[in-house]
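Here's the structure, in structure tokens; my notes come after.
Residue numbers (the numbering used here): 814 to 889.
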């Protein structure tokens, strides 16, 4: 990711309010994926995550940016 210009930043321990984007993603992950279905096993849960992440990044419109994350970072 660093070759794409991504920079790793660390937050202070026990200060989640300083990392709002990750915290918001965690909330969305819980409300739109984890709590919407019953998983019968860890394997079932692991298998279901990849398709949801694909949807989240390529199809789901994010209100903060008005488009999908993939569209926003992909060259036009």
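Just so you know, even glycine gets a beta-carbon here, dropped at the ideal spot from N, CA and C. Bear in mind the structure is a predicted one, so any value in this text is a computation, not a measurement.
{"Asked": "Assigned secondary structure, residue 815 (DSSP; H/G/I helix, E/B strand, else coil)", "Found": "helix"}
{"Asked": "Spatial distance of residue 823 from residue 833 (CA atoms)", "Found": "13 Å"}
{"Asked": "Simplified DSSP state of residue 884, which is helix, strand or coil", "Found": "helix"}
{"Asked": "Nearest-angstrom Cα separation, counted from residue 872 out to residue 857", "Found": "22 Å"}
{"Asked": "Check whether residue 883 and residue 870 have beta carbons under 8 Å apart", "Found": "yes"}
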